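Asker: Let me begin by handing over the structure; questions about it come next.
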Amino acid sequence: MKTEIIKITFLLLLGCSYVSAQNAHFTTDGVIEYDKTANTFAIIQRELGKNPDNFIVQAFEEYKKSQPQFKVLKSTLSFSKDKSLFTPIEPETPLNGFASNAMVAQNNTIYTDLAGGTKICKKNVFGDAFLLKDTTRKINWKITTETREIAGYACRRANAVIMDSIYVVAFYTDEIAVSGGPESFGGLPGMILGVVLPHENITWFATKVTDFGGMVKPFSPPAKGKPIDGKGFKAKIDAAMKDWGGEGRENVKAFTL
Amino acid sequence: MRLTILIAVFLLFHSFALLAQNRYSVKGSVVDSTAKAKLLNASISVLNAKDSILIKFTRASEKGDFNIGNLKKGKFLLLITYPGYADYVEHFNLDSVNQAHDFGAMTMTLKSKLLADVIIKAKVAAIKIKGDTTEFNAGSFVVQPNAKVEDLLKQLPGIEIDRNGKITAQGQTVNKVLVDGEEFFGDDPTLVTKNLRADMVDKVQLYDKKSDQAAFTGIDDGKKEKTINIKLKEDKKNGYFGKADGERGSDQYYQGQLLFNRFKAKQKISIYGIASNTGKTGLGWEDANKYGSSNDDVTFGDDGGVNIISNGNDDLEAFDGRYNGEGLPAAKTGGVHYDTKLKGDNQSINTNYKVGYLGVVGSRNAQTVNSLVNGIIANNSDESYNNSIFRQKVDLTYKIKIDTTSNLKIFVSGGLSNSKTTSTTNASSFSGDTLLNNNKRTLSNNVDHGDFDGNVFWTKKLKKKGRTMSLNVSETYRHDDSKGYLNSLTNFYHTASKADSIAKIDQYKTSDIHSSVLNSNFTYSEPFSKSFSLIVNYGLGFNHGTSDRKSFDASAPGKYNLLDSALSNNYNLNQLTNELGTMFNYAKGKTLLNFGTKITRVNFDQLDDYTDISYKRTFVNWRPQARFTYKISQQQAISLEYNGNTTQPTIYQIQPVRINTNPLNIAIGNPSLRPSFTNSFTANYNSYKVISQQYMYFYAYYALIGNEIATNVNTDLKTGKSSTQAVNISGSTPYNLNLHGDFGQKIDILGGITISGNLSADNAKSYNYINNVLNTSSSLNFTMMAGLNKNKEKKYDVYVAFGPNLAKTRSSLQPQTNSDGGGSNGYARFVIYLPGKFEVESDADYTYRAPTQNFNTSFSKLIWNSYIAKTFLKSDNLKVMVTGNDLLNQNQGFNRYVYGNTIAQNTNTTIKRYFMLSVVWDFNKMGLGTDKK
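Same order as they appear, the protein sequences are chains A and B. Count along the first sequence from 1, then add 1; that gives the number in our numbering. Count along the second sequence from 1, then add 68; that gives the number in our numbering.
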């Protein structure tokens, strides 16, 4: 019995030292910083529709000459083993003019209970704050063999279609053993470090991952806002945007994303 | 030993528990291929074998074990990944026979063992190189219809694509494929069908990502890598659209317009023509936007903030042309517009030619009551006129983006016009019921006008963010040459009903006026920090003008050759302006503050060539300003503003040009006039709640004028003759207070009716001299309006609004005289879309003014317009319409106002009831464009 224990201990020790040479470290607590990049030229062009007014066309030409094509906004995702909090960072200069667009802006602060499959989301809709309680979005991910490195992590690509028409490309890493991601993206066998909506001309890519190494830094769900459920919120947005034409449709998409 | 049993029992229990829930599961363990170490946290995913859709996933336990239950039956893929190891993929089936699949121990292999050499054969290809960019013209390569972009790339020399879609260019792996500067991720054809087709590609550019072009795209991580940028074709826009519109009405009314717009790639040409006598003198706003060119300049600040500089509507364009609702107009206008883009959209040309004729005939009646120190003088004048103008204008704007940091805009325009005016006026003045004088005069004038404007505007952004320079140079030249006749006869009744003196004028008048103004302004902005910056500007301006006015008396009937030197002069003006401005700008988060001042020094030098009297002046104008804006939230903001400015007396107030066109009112100069200074304060609040559809707007304005330049009118109570002189008001400060509020709210419980209301109030105190006695006038006005609106898209739209108004005025010289009175305004409109493509619209506008002390009749009018229309053809582009304008025939030009000690009421001829039948045809033929993505 005694020898048995010693043998096991020895083996374990040996195993440990050997294993550490190749065994990866898996992150379960930390903060990820994301850059959301929006191709404003393409987004505005799409909203203008097929036959825009001369005045708008002229203004847009000027915009293209003086403004960068890509608007970059920052956000963070704090996560522990089964919870995450996505928080947008207010830009130093507020979005103005054409760039003050719902698709470009960051409207959501999202607290996700990954184990329970629920989320609490504070949505800012043109200055009105809503506190949306809902289940997490179920996404049918299609796993691919394509890989790329993001913020030093090897990521695998997965594709999906959400909200009936939005094509999503996500890159997740199995080195972070938490099934979260930016905004309301998640449900992959690892942390999502990159999300691309190719037809909406929006991307999120992680720029930095800080590993707390098991040390838990608590975070709490957003509390401010008018309580509402998913269905009620969609109905409100649809009603408010129904006369806005192309821009309205884009806004509905942006706010329900 | 006991532990093992425990674990075994636990596992057994666990799997029983799983079995109880569902029948299908998969299990196994993950180990390293050489060391046989357990791979804790290895990611295990179960995918659908058919389409790789993720079904379930888990992580390996400390022992490397995994167990995934709750599966349905079917064909699956097991994907195991572990950092640094090659992926492990295996097919497995779950069916009634194999309810639980056990993979046993699966071994993973380190990636380093699998690395194989990749040999790349570089081709030497003859390709066109532009700087550090290699460019391929997609059009010169033949691809099958509906071919993918990959098929096109394969054809390009030097580019290879292997089976896995890996692209190699000039021997190096291409790491990034961009589409219009944005990274291309490729679509999964099983999920989305929108594919990038080869025929949508304009150019393929190949470059190292560190080049300028890559920097422009905004993606740069400092690495140098081969990048392909696929430039898509612009939406093809070839074709034309237009509108033909013919209207025939009762009482000789007509209206017609033809508009045509043609696109060809980046070129656009529009022409339009309008003829009408219904008051339509130019394109409507919507048509102007489609067929003309916008006159406004839009610029964007560093933060993307929009700045719209409206250049105003020129006379030939715009909704009001020059017809202001008075008289009966006849208009004919036309124009041509052309614009194009050159050199990859870095340059643009926009040019317009417009021509127009407008004739207006009519008559007007003006009644005024002047409160004097020791009496009241009432005037009544009737005027009939016949005016016409013919104008032509051409302009050209050229814009060039010199490089990524600088832009240049050049604008030139020139115009010519000829106007002819004739008017006949009968006027009389009364003191109480006693006639003081009567005057009959006819005035005719023929003016040739020419103008030129030129402007060069250059902007440059410097390296440091927020550091910018700009230079603006503009030249304006005007020339007016006029010739006219004045014939006036005045009878004065000093004593009784018999005229006791007569004043007669019969003169030929010419004037030749040239003016040339050259202005330049240089602006530099320097950021001190991210939120605080300074903007300085320096401006230099030259103004040169000559004005030669001559009046001739007749030596014999029709022979005007005797120069009236008292009414003739030839001024020569030279003015030099130096302006220096400093503005501080603070912007952080929701706060925006800017403040500063502008100081202008003006050297003025005017010489009368006839008398050799020169008039020189040097003065300084000061313009402090401050503005604070706080953006409470995205749709809610408050702003406070202060403006101060010096107003110099005009040269005509100091040294007036003697003009006798109205012999009963003569202007006198005042060389001792001092400048006045105005302080004004503005506060604004606005809020719009998108979701609850509620808006609110408040505005307050308060202004104080120090040393105000007002008038001193000396009226001879016996003759009714007046002289006017500008004087400073000292000791008393006139003010003006204005408040306005707007509110609207959509109410769901009332079926989506929007209620709205507004309230305006203003209070002012002003001063002037009457026969050298100071007169204080004060006024108080209230206007209120409440409305209801409900609409349903393509069904109906109803709007009703009504509200009262009240005016109170007091004059210190005649406290017993006032123009206090109430009134009301109402408006109603509805549109209903009926089946059978019918549409009915009706709107009514109601005005009521109660009688006042001086005007003892009330005034009311109800203008009611209606139309019924039906559209034809599949795309509804033919419309037939019957319109009734002013159905009740109540339209009258009417205006009542108070100014200083004067209360006035005007009425004039205007367009009244008519009916019209119109046919409107919208036509278009547009080539189908390539959809961008």
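Heads up, the beta-carbon is just placed ideally off N, CA and C, and yes, glycines get one too. On a predicted model such as this, the values are computed, not experimentally measured, just so you know.
Against chain B, which members of the stretch 144 to 165 of chain A pass a CB distance test of less than 8 Å?
Answerer: 144, 145, 146, 155, 157, 159, 160, 161, 162
Asker: Residue 633 (chain B) by DSSP, collapsed to three states: which one?
Answerer: helix
Asker: Residue 47 (chain A) lies in the alpha helix (DSSP H); which residues open and close that run?
Answerer: Start and end: 41 to 49.
Asker: Cα-Cα, which of A:206, A:209, A:135 is closest to residue 112 (chain A)?
Answerer: A:135
Asker: Do the stretch 310 to 320 of chain B and the stretch 979 to 989 of chain B touch if we need at least three Cβ pairs shorter than 8 Å?
Answerer: Between the stretch 310 to 320 of chain B and the stretch 979 to 989 of chain B there are three or more inter-stretch CB-CB distances shorter than 8 Å, so the stretches are counted as touching.
Asker: Between B:904, B:983, B:912, which lies nearest to residue 947 (chain B) when the distance is taken from Cα to Cα?
Answerer: It is B:904 whose Cα lies nearest to the Cα of residue 947 (chain B).
Asker: By Cβ distance, which residues of its chain are closer than 6 Å to residue 112 (chain B), with the 5 residues on each side in sequence left out?
Answerer: If we look at residue 112 (chain B) and ignore the five residues flanking it on each side, its Cβ neighbours are 126, 134, 148.
Asker: Residues of chain B with CB closer than 8 Å to the CB of residue 1 (chain A), please, in chain order.
Answerer: Look at the range of chain A in this structure, 2 to 258, and you will see that residue 1 (chain A) is not part of it.
Asker: Please specify which runs of the beta strand (DSSP E), each continuous and at least 3 residues long, are wholly inside the stretch 439 to 507 of chain B, giving them in chain order.
Answerer: 443 to 469, 474 to 499
Asker: Taking the Cβ atom as the reference point for each residue, do residue 922 (chain B) and residue 887 (chain B) lie within a distance shorter than 8 Å?
Answerer: yes
Asker: I need the straight-line Cα distance from residue 254 (chain A) to residue 164 (chain A), nearest angstrom please.
Answerer: 8 Å
Asker: May I have the straight-line CA-CA distance separating residue 48 (chain A) from residue 104 (chain A), to the nearest angstrom?
Answerer: C-alpha separation (whole angstroms): 10 Å.
Asker: In chain B, what lies closer than 7 Å to residue 176 (chain A) by C-beta?
Answerer: Contacts between residue 176 (chain A) and chain B, judged by CB atoms closer than 7 Å, involve 151 in chain order.
Asker: Does residue 122 (chain B) pass the burial test, meaning 16 or more other C-beta atoms within 10 Å, or should it be called exposed?
Answerer: buried
Asker: Identify whether residue 96 (chain A) lies in helix, strand or coil by the three-state DSSP scheme.
Answerer: coil
Asker: Use the C-beta contact count for residue 71 (chain A): other C-beta atoms within 10 angstroms, 16 or more gives buried, fewer gives exposed.
Answerer: Under this definition residue 71 (chain A) is a buried residue.
Asker: Could you check the C-alpha separation between residue 698 (chain B) and residue 221 (chain A) for me, to the nearest Å?
Answerer: 30 Å
Asker: So, does the stretch 422 to 432 of chain B touch the stretch 393 to 407 of chain B, judging by three or more C-beta pairs under 8 Å?
Answerer: yes
Asker: Find the residues of chain A that neighbour residue 127 (chain B), judging by a C-beta separation of less than 7 Å, and give them in chain order.
Answerer: Within chain A, the residues near residue 127 (chain B) are 178.
Asker: Suppose contacts are defined by Cβ-Cβ distances below 8 Å. Is residue 159 (chain A) in contact with residue 173 (chain A) by that definition?
Answerer: yes
Asker: Since residue 241 (chain A) is in the alpha helix (DSSP H), which residue starts that stretch and which ends it?
Answerer: The continuous alpha helix (DSSP H) containing residue 241 (chain A) extends over residues 231 to 242.
Asker: Report the neighbours of residue 147 (chain B) on chain A: residues whose CB is nearer than 7 Å to its CB, in chain order.
Answerer: Within chain A, the residues near residue 147 (chain B) are 144.
Asker: Are the beta-carbon atoms belonging to residue 522 (chain B) and residue 543 (chain B) less than 8 Å from one another?
Answerer: yes
Asker: Quick check on residue 250 (chain A): does DSSP put it in helix, strand or coil?
Answerer: Three-state DSSP puts residue 250 (chain A) in a helix.
Asker: Is it true that the stretch 768 to 787 of chain B meets the stretch 818 to 837 of chain B, where meeting means three or more beta-carbon pairs spaced less than 8 Å apart?
Answerer: yes
Asker: Looking at residue 695 (chain B) and residue 709 (chain B), is the spacing between their C-beta atoms short of 8 Å?
Answerer: yes
Asker: Taking Cβ positions only, does residue 250 (chain B) come closer than 8 Å to chain A?
Answerer: Yes - at least one Cβ of chain A is within 8 Å of the one on residue 250 (chain B).
Asker: Pull out every residue of the stretch 115 to 142 of chain B whose Cβ sits closer than 7 Å to any Cβ of chain A, in chain order.
Answerer: 115, 119, 120, 121, 122, 125, 127
Asker: Can you pull out the residues from the stretch 462 to 478 of chain B whose beta carbon lies closer than 7 Å to at least one beta carbon of chain A?
Answerer: 469, 475
Asker: Hey, residue 341 (chain B) and residue 326 (chain B): beta-carbon distance below 8 Å or not?
Answerer: yes
Asker: Can you tell me where the beta strand (DSSP E) holding residue 835 (chain B) begins and where it ends?
Answerer: Membership of residue 835 (chain B) in the beta strand (DSSP E) is indicated by the continuous run 821 to 838.
Asker: For a contact meaning CB atoms closer than 7 Å, what does residue 191 (chain A) contact in chain B?
Answerer: 111
Asker: Relative to chain A, which residues along the stretch 751 to 775 of chain B have a C-beta separation below 9 Å, given in chain order?
Answerer: 755, 756, 757, 758, 759, 760, 761
Asker: Checking the sheet assignment: what are the DSSP bridge partners for residue 171 (chain B)?
Answerer: DSSP output for residue 171 (chain B) lists no bridge partner at all.
Asker: Helix, strand or coil for residue 56 (chain A) per DSSP?
Answerer: helix
Asker: With H, G and I counted as helix, E and B as strand and the rest as coil, what does DSSP make of residue 990 (chain B)?
Answerer: strand
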